[in-house]
Amino acid sequence: MTTQTVCLNGEFLPLEEARVPVLDRGFIFGDGIYEVVPSYGGRLFRWPQHLARLKRSLAAIRIANPHDDDAWTALVNRLIGLHPWPDQFVYLQVTRGVARRDHAFPAQATPTVFAMASELAPVPAAQREGGIAAVSLPDERWLHCDIKSVSLLGNVLARQAAVDAGAAECLMFRDGFLTEGSSSNVWVVRNGTVFGPPRDHRILEGIRAGLLDELCARGGIPMQTRPVLREEVLAADELMVSSATKEVVAVTRLDGRPVGSGRPGPVYHALYQAYQAAKQAGG
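With the sequence shown counted from 1, adding 24 to any position gets you the numbering used here.
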């Protein structure tokens with residue numbers, strides 16, 4: 025069994041030995057941000073885009089960036105090099121740090137920086153070939169979903185609703201319009217065109233969103249970003265979700281009913297193959 029090494033505030037140590045004080049604001053308030061970046065064959069995938077989102081999230085909640093770009097890159101690559109798995113994902117978390125419990129920002133606090141590499145397991149063959157089931161729920165989260173915050177209780181409850189229903193994901197709707205999944209972006213296919221919701225404060229714009237833009241353009245697949253009604257989702261020819269760990273996966277059942285033919289469709293297959301080619305090319 026591989027010993028998992030993590031980095032906590034610059035110290036590399038076994039996962040079991042990592043400790044954070046109970047007054048860390050990430051523990052007390054969920055006052056922090058995170059990022060997840062995959063690595064294939066030891067090569068970071070779309071790292072500049074992940075790093076840019078990490079910096080945007082830090083700036084949005086006014087935490088000073090604890091590292092420059094080179095230091096972040098060195099940290100992540102060192103973690104990957106310490107583990108034997110060919111494909112990995114690195115979880116990065118920065119909180120505002122340790123301070124007396126008070127809702128207002130502390131006058132002085134040093135950010136807590138935690139990083140962990142884990143094995144990136146492929147999507148199970150049964151899900152890849154047959155798609156996944158999803159359920160739908162109203163989106164009851166806060167209105168800054170564009171910040172990759174560690175305050176994920178709304179997402180946790182949505183994902184648990186999917187688990188309770190024997191499904192793999194939960195698709196959320198706000199005021200009758202599609203937002204996103206509990207841990208993924210959602211894509212609707214109608215008549216060969218891919219539709220995605222606006223990338224505003226109501227969703228976290230996944231790094232895979234930009235990649236799918238590129239893959240659709242290369243493959244001649246029409247793509248539109250616009251508000252997507254719940255009725256359009258229910259009448260979709262195909263549904264897909266994307267994330268750093270799922271890559272892109274077809275949703276073939278929603279709320280117990282088949283989506284389209286009930287099998288992964290041609291647009292999904294085209295995008296999945298293009299995604300694999302992008303991985304081989306390094307992004």
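Note that CB positions come from ideal geometry on N, CA and C, so glycine has one too.
Going along the chain, which residues of its own chain have a beta-carbon closer than 8 Å to the beta-carbon of residue i, five neighbours each way excluded?
i           : result
residue 66  : 104, 105, 110
residue 201 : 221, 251, 252, 253, 254
residue 108 : 26
Distance, Cα to Cα, residue i vs residue j?
i           : j           : result
residue 263 : residue 210 : 7 Å
residue 152 : residue 291 : 14 Å
residue 225 : residue 79  : 16 Å
residue 49  : residue 155 : 39 Å
residue 230 : residue 63  : 16 Å
residue 189 : residue 159 : 7 Å
residue 395 : residue 184 : Summary: the structure shown does not reach residue 395, with the chain confined to residues 25 through 307, and so no result is reported for it.
residue 228 : residue 179 : 12 Å
residue 60  : residue 71  : 10 Å
residue 84  : residue 77  : 10 Å
Among the options, which has the Cα closest to the Cα of residue i?
i           : options            : result
residue 198 : 108, 294, 163      : 163
residue 287 : 276, 280, 296, 171 : 276
residue 302 : 212, 271, 219, 60  : 271
residue 244 : 205, 280, 278, 298 : 298
residue 257 : 240, 205, 82       : 205
residue 136 : 282, 241, 58       : 58
Excluding sequence positions up to five away, which residues of its chain have a Cβ less than 6 Å from the Cβ of residue i?
i           : result
residue 232 : 266
residue 3   : No information on residue 3 is available, as it lies outside the stretch 25 to 307 that the chain covers here.
Using beta carbons (cut-off 9 Å, strictly below), is residue i in contact with chain D?
i           : result
residue 200 : Absent from the structure is chain D; it holds one protein chain and no more.
Please tell me whether, using a cut-off of 8 Å, the distance from the CB of residue i to the nearest non-hydrogen atom of the ligand MG is below it.
i           : result
residue 105 : No copy of the ligand MG occurs in the structure displayed, which carries no ligand at all.
For residue i, name the three-state secondary structure that DSSP assigns.
i           : result
residue 82  : helix
residue 133 : coil
residue 69  : coil
residue 103 : helix
residue 52  : helix
Leaving out five residues on either side along the sequence, give the residues of the same chain with a beta carbon under 7 Å from the beta carbon of residue i.
i           : result
residue 128 : none
request  = Could you pull out every unbroken beta strand (DSSP E) segment of at least 3 residues lying fully inside the segment 136-220, listed in chain order?
outcome  = 136-143, 156-162, 193-198, 201-205, 209-214, 217-220
inquiry  = Going residue by residue through the segment 216-266, where are the continuous alpha helix (DSSP H) segments of at least 4 residues, counting only ones entirely within it?
reply    = 231-243, 254-258
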